[in-house]
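Residue numbers for the sequence shown follow the numbering used here, so the first one is 4 and each next one is one higher.
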Amino acid sequence: MEWLQVRDVLAGDGAGEKACIRGWIHRKRQSKKIAFLVVRDGTDVIQTTVRAGTEPFPEAEKVTIESSVEVEGTVHADARAPGGKELRVEKLRIIGLSDTFPITRDQSTELLMDLRHLWVRSVPMNRVMRLRAAVFQASREYFDTMGFVEVHPPMFITAACEGGSTLFKVPYFGKKAYLTQSSQFYLEALITGLERVYCVAPSFRAEKSRTTRHLTEFWHIEAEEAFCGLEGTMRTQEDLVAHICQTIATRFPEELQAMGRDPEVIAGVKAPFERISYDKSIDILQGRGVDIPWGADLGTKEERELTMEFEQPFFVYHYPAEAKAFYHRLDPEDSSKVLCADMLAPEGHGEIVGGGERTWTIEEIMSRINEEELDTTDYEWYLDLRRYGGVPHAGFGLGAARLIKWICGMEHIRDALPFPRTMNRIYP
Ligand code: NSS
4 MEWLQVRDVL
14 AGDGAGEKAC
24 IRGWIHRKRQ
34 SKKIAFLVVR
44 DGTDVIQTTV
54 RAGTEPFPEA
64 EKVTIESSVE
74 VEGTVHADAR
84 APGGKELRVE
94 KLRIIGLSDT
104 FPITRDQSTE
114 LLMDLRHLWV
124 RSVPMNRVMR
134 LRAAVFQASR
144 EYFDTMGFVE
154 VHPPMFITAA
164 CEGGSTLFKV
174 PYFGKKAYLT
184 QSSQFYLEAL
194 ITGLERVYCV
204 APSFRAEKSR
214 TTRHLTEFWH
224 IEAEEAFCGL
234 EGTMRTQEDL
244 VAHICQTIAT
254 RFPEELQAMG
264 RDPEVIAGVK
274 APFERISYDK
284 SIDILQGRGV
294 DIPWGADLGT
304 KEERELTMEF
314 EQPFFVYHYP
324 AEAKAFYHRL
334 DPEDSSKVLC
344 ADMLAPEGHG
354 EIVGGGERTW
364 TIEEIMSRIN
374 EEELDTTDYE
384 WYLDLRRYGG
394 VPHAGFGLGA
404 ARLIKWICGM
414 EHIRDALPFP
424 RTMNRIYP
């Protein structure tokens, strides 16, 4: 006996051929004469029917929603069934009889979050997870084609990349240690041997902000390139994001539509992306009545307002030095600015990528560290990268959940991953 997957059964002739499948009872409807059991496996759902008087009928009567089952029968074309085929059951074995499943229709978001371990089996969640997997696959495809080497930096670290206020401290055998906020510094070390590197890894931030786009743990797609400047990394970023969008629009049009997203919008994302300076973005915001002084970083509210008018992702570049981290290189032509850019997703979503050119000479990085009053002892090894053959280099970090939130047109970032971690949520 060979187990088939539902997708393969649905792709068959439906001319009475035999099939054995296993999965979970997705829906159940029953009359005295017949039981309809919709069975779900890792590939799709199929309607199965059990007639009264046949051997499996008592089991069909007993089986509950979400029980795990093995089903054997014959496949018949039936236009009324979802997928156009039904499996007429000859044998039904209950593997694990489910207790009354606690999730029914129209549950509150809070309950679905409490029951996330059960909700992840739902059709909408599976849709997201398949699409999410394809985002990572497409990223790797892009980097591998472009000659980037995938590397694996540590998650336990000792020096803050993105400021002390969002560091998670962890006990580490009596030493001071943190969970990484970004793998950037380690990628900067690795380019000296490999020139172009990328990593796909979690980053952690003790974000106290309760917004629809902040997680405390998020998957970060980061890349770094030697002999590269701001414009070079922006090109890599836009090509990467355009490649991901093309892949998703081609492979997931129905899923996007089911999420209320027009796949054409995603198919329309093509490089190059528009570039607007920080100064211009402040003008636009002030023109729209937003109260933001020159020099401040753009927050959730400002980015929402700024991105409303756009249909494609775009870059905001040349932020004021005071708004950004010390490692961004000062613009040699205007030292009040840094050579960095954020990529903002349209329709209110805001920042999905942060990156730019790095301060790569020892003199410049020392002066930035001193200006920011950081402790140089924390950064000794990072400074060595400048002492021993430093070169101009640039890179970026793309927040996978932020990207998915925008591609799928989601209201909240928590919907972009199976077990979101936020300030208020660490269970299940
Ligand atoms: O802070 S970033 O803007 N930049 C960095 O971490 C750089 N060190 C990356 C680099 O150049 N290698 O974060 C980068 C992206 C940002 O654009 C978001 O998409 C995402 O990481 N990000 C987050 N996603 C979800 N939740 C939170 N809290 C979060 N913070 C950043």
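The beta-carbon is built from N, C-alpha and C at its ideal position, and this holds for glycine as well.
Alpha helix (DSSP H) segment containing residue i, residue limits
i: glutamate 306; result: 303-310
i: glutamine 187; result: 187-197
i: isoleucine 285; result: 281-290
i: proline 256; result: 256-261
i: proline 266; result: 266-270
i: valine 12; result: 9-14
Residue closest to residue i, alpha-carbon to alpha-carbon, out of the options
i: glutamate 62; options: Asn373, Lys94, Lys21, Asn129; result: Lys94
i: tryptophan 384; options: Glu306, Ala328, Ala163, Ala80; result: Ala163
i: tryptophan 297; options: Leu7, Phe171, Asp286; result: Asp286
i: asparagine 427; options: Gly400, Arg213, Trp409; result: Arg213
i: arginine 278; options: Met262, Glu258, Gln315; result: Gln315
i: phenylalanine 318; options: Glu374, Asp242, Trp363; result: Asp242
i: valine 78; options: Val92, Pro423, Ile407; result: Val92
i: isoleucine 68; options: Arg54, Ala80, Gln33, Thr57; result: Gln33
i: isoleucine 355; options: Lys35, Ala403, Glu153, Arg135; result: Ala403
i: isoleucine 410; options: Leu347, Pro275, Asp294, Gly357; result: Leu347
i: glutamate 153; options: Ala180, Gly235, Leu190; result: Leu190
i: proline 421; options: Arg130, Asp11, Met262, Phe151; result: Arg130
i: glycine 358; options: Phe151, Gly232, Leu182; result: Gly232
i: leucine 170; options: Pro157, Ala141, Ala209; result: Ala209
i: alanine 14; options: Gln187, Glu257, Glu89; result: Glu89
i: aspartate 102; options: Leu115, Leu121, Arg307; result: Leu121
i: glycine 353; options: Asp387, Ile224, Val293, Phe313; result: Phe313
i: arginine 199; options: Leu40, Ala226, Ser186; result: Ala226
i: isoleucine 194; options: Arg417, Gly393, Pro431, Thr425; result: Gly393
i: proline 156; options: Cys202, Met116, Val126, Val123; result: Cys202
i: proline 266; options: Leu100, Pro395, Arg405, Phe255; result: Phe255
i: alanine 204; options: Ala38, Leu388, Arg119, Gly400; result: Gly400
i: leucine 197; options: Glu414, His396, Asp418, Arg417; result: His396
i: threonine 57; options: Ile429, Ala38, Asp294; result: Ala38
i: leucine 182; options: Met158, Val272, Asp294; result: Met158
i: threonine 239; options: Pro275, Ser339, Glu336, Arg371; result: Pro275
i: serine 339; options: Lys327, Tyr330, Pro323, Ala328; result: Pro323
i: leucine 134; options: Asp282, Gly302, Trp6, Gln249; result: Gln249
Whole-number beta carbon distance between residue j and residue i, since they are thought to touch under 8 Å
i: glycine 351; j: threonine 310; result: 6 Å
i: arginine 30; j: aspartate 44; result: So it is not a contact: roughly 14 Å between Cβ atoms.
i: serine 206; j: glutamine 184; result: 6 Å
i: glutamate 360; j: leucine 342; result: 4 Å
i: glycine 398; j: glutamate 228; result: 6 Å
i: glycine 17; j: isoleucine 49; result: That pair is no contact at about 11 Å.
i: valine 66; j: isoleucine 28; result: 6 Å
i: glutamate 367; j: leucine 333; result: 7 Å
i: alanine 55; j: lysine 35; result: 6 Å
i: histidine 9; j: threonine 46; result: For clarity, residue 9 is valine in the given sequence; the question names histidine instead. Confirmed, about 5 Å.
i: isoleucine 247; j: leucine 259; result: Not really, about 13 Å apart at Cβ, beyond 8 Å.
i: tyrosine 281; j: tyrosine 320; result: 7 Å
Boundaries (first-last residue) of the beta strand (DSSP E) holding residue i
i: histidine 223; result: 220-229
i: leucine 182; result: 178-182
i: lysine 65; result: Note, lysine 65: premise wrong, no beta strand (DSSP E); alpha helix (DSSP H) at 60-65.
i: lysine 172; result: 171-175
i: tyrosine 320; result: 317-320
According to DSSP, residues forming a beta bridge with residue i
i: isoleucine 37; result: Arg54
i: threonine 425; result: Arg428
i: tryptophan 27; result: Arg43, Ser71
i: tyrosine 201; result: Glu153, Ala226
i: tryptophan 6; result: Cys23
i: histidine 331; result: Arg361
i: glutamate 165; result: Paired residues: none, contrary to the question.
i: alanine 18; result: His79
i: arginine 32; result: Phe39
i: isoleucine 247; result: DSSP output for isoleucine 247 lists no bridge partner at all.
i: serine 206; result: Phe221
i: threonine 48; result: Per the sequence shown, residue 48 should be read as valine rather than threonine. Bridge partners of valine 48: Arg43.
i: proline 323; result: Lys340
i: arginine 278; result: Phe318
i: phenylalanine 159; result: Leu182
CB contact below 8 Å: residue i versus chain B
i: alanine 162; result: The chain inventory of the structure shown lacks chain B, comprising one protein chain alone.
Which runs of the alpha helix (DSSP H) at least 4 residues long sit entirely within the stretch 76-132? Give them in chain order.
112-117, 119-122
Which parts of the stretch 341-403 are runs of the alpha helix (DSSP H), unbroken and 4 residues or longer, counting only runs that do not cross its ends?
365-374, 383-390
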